[in-house]
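To start, the structure under review is shown below, and the notes come after it.
Protein chains: 2
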Amino acid sequence: MTYTVQVKVMPLKELLDPQGKAVMGGLRSLGMNNVSDVRIGKNITLQVEAASPEQARQIAEEASKKLLANPVMEYFEISVN
Amino acid sequence: MTYTVQVKVMPLKELLDPQGKAVMGGLRSLGMNNVSDVRIGKNITLQVEAASPEQARQIAEEASKKLLANPVMEYFEISVN
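So the sequence lines, in the order shown, correspond to chains A and B.
Note that our numbering has the first sequence beginning at 1, numbered continuously upward.
Note that our numbering has the second sequence beginning at 1, numbered continuously upward.
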């Protein structure tokens, strides 16, 4: 069966996120002062061919560790639909 | 109150996603042949100061329309926690 898997890759909380800071600056200059702490990461959707949702998650985890996320700077979360 | 809002910005389904194609090529060359149709977008988290979850969503929607997403190439989904 084919499962749709979402992998969310975000910069580690301990690290600065210059892209997020820049976007927050942009929002401020548009007059949106009620927004703070903007962080920007990636959202990746995959179609995974697997026997079960658990196996699909495992495959996505392997893909994340090998290629999609850099563990030095990022963490990832997987959800299977 | 402060709400954590997630904005998912993805390339429109009708459009090619060269970044996703490249990542799929990478996964294939790592021997992961059970993964297909990789699409890559952004995941943005914001802290929004608002009176209610509805207002927080509204603010995030305004931010998405004005700055975070390009409607010509992308669509966005908002979730408020």
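C-beta atoms are modelled at their ideal positions from N, C-alpha and C, and glycine is treated no differently.
This structure is a prediction, so every number in the text was calculated from the model and none was measured.
Worksheet item: Can you list the residues of chain A that B/GLU49 reaches, using a CB-CB cut of under 8 Å?
Response: Ordered by position in chain A, the residues that pass the 8 Å Cβ test against B/GLU49 are ASN34, VAL35, SER36.
Practice prompt. Count the other C-beta atoms from every protein chain shown that fall within 10 angstroms of the C-beta of A/LEU27, then say buried if there are 16 or more, exposed otherwise.
Written response: Only buried fits A/LEU27, as 16 or more other CB atoms lie within 10 angstroms of its CB.
Worksheet item: So, helix, strand or coil for B/GLY31, using DSSP?
Response: Coil, per DSSP.
Practice prompt. For the segment 6-25 of chain B, enumerate the residues whose C-beta is nearer than 8 Å to any C-beta of chain A, in chain order.
Written response: Flagged, chain order: LYS8, VAL9, MET10, GLY20, VAL23.
Discussion item. Helix, strand or coil for A/VAL72? Go by DSSP, reduced to three states.
Written reply: A/VAL72 falls in the coil class under three-state DSSP.
Worksheet item: Whose C-beta lies closer than 6 Å to the C-beta of A/GLU49 among residues of the same chain, with five residues either side of it excluded?
Response: THR2, listed in sequence order.
Practice prompt. Please go through the same chain and pick out, in chain order, the residues whose beta-carbon is closer than 7 Å to the beta-carbon of B/VAL23, but skip the five residues on each side of it.
Written response: Excluding five sequence positions before and after B/VAL23, the CB atoms of its chain that fall closer than 7 Å to its own CB belong to VAL38, ILE40, given in chain order.
Worksheet item: Where does the unbroken alpha helix (DSSP H) through A/GLU62 begin, and where does it stop?
Response: Residue range 53-63 is occupied by the alpha helix (DSSP H) that includes A/GLU62.
Discussion item. Taking 7 Å as the cut-off, is the beta-carbon of A/GLU74 closer than that to any non-hydrogen atom of the ligand NAP?
Written reply: This structure lacks the ligand NAP; in fact it carries no ligand of any kind.
Discussion item. Can you find the residues in the same chain that come closer than 6 Å, C-beta to C-beta, to B/ASN43, ignoring five residues on each side of it along the sequence?
Written reply: Result list for B/ASN43: LYS8, in chain order.
Discussion item. Could you give the first and the last residue of the continuous beta strand (DSSP E) run that contains B/MET10?
Written reply: DSSP places B/MET10 inside the beta strand (DSSP E), whose first and last residues are 2-11.
Discussion item. Suppose the cutoff is 6 Å on Cβ atoms and the five residues either side in sequence are ignored; what does the same chain contact list for A/VAL5 look like?
Written reply: Cβ contact annotation for A/VAL5 (same chain, cutoff 6 Å, sequence separation greater than five): LEU46, VAL48, ALA56, ALA60, VAL80, in chain order.
Discussion item. Could you check whether the Cβ of A/ILE40 sits closer than 8 Å to any Cβ belonging to chain B?
Written reply: A/ILE40 counts as touching chain B.
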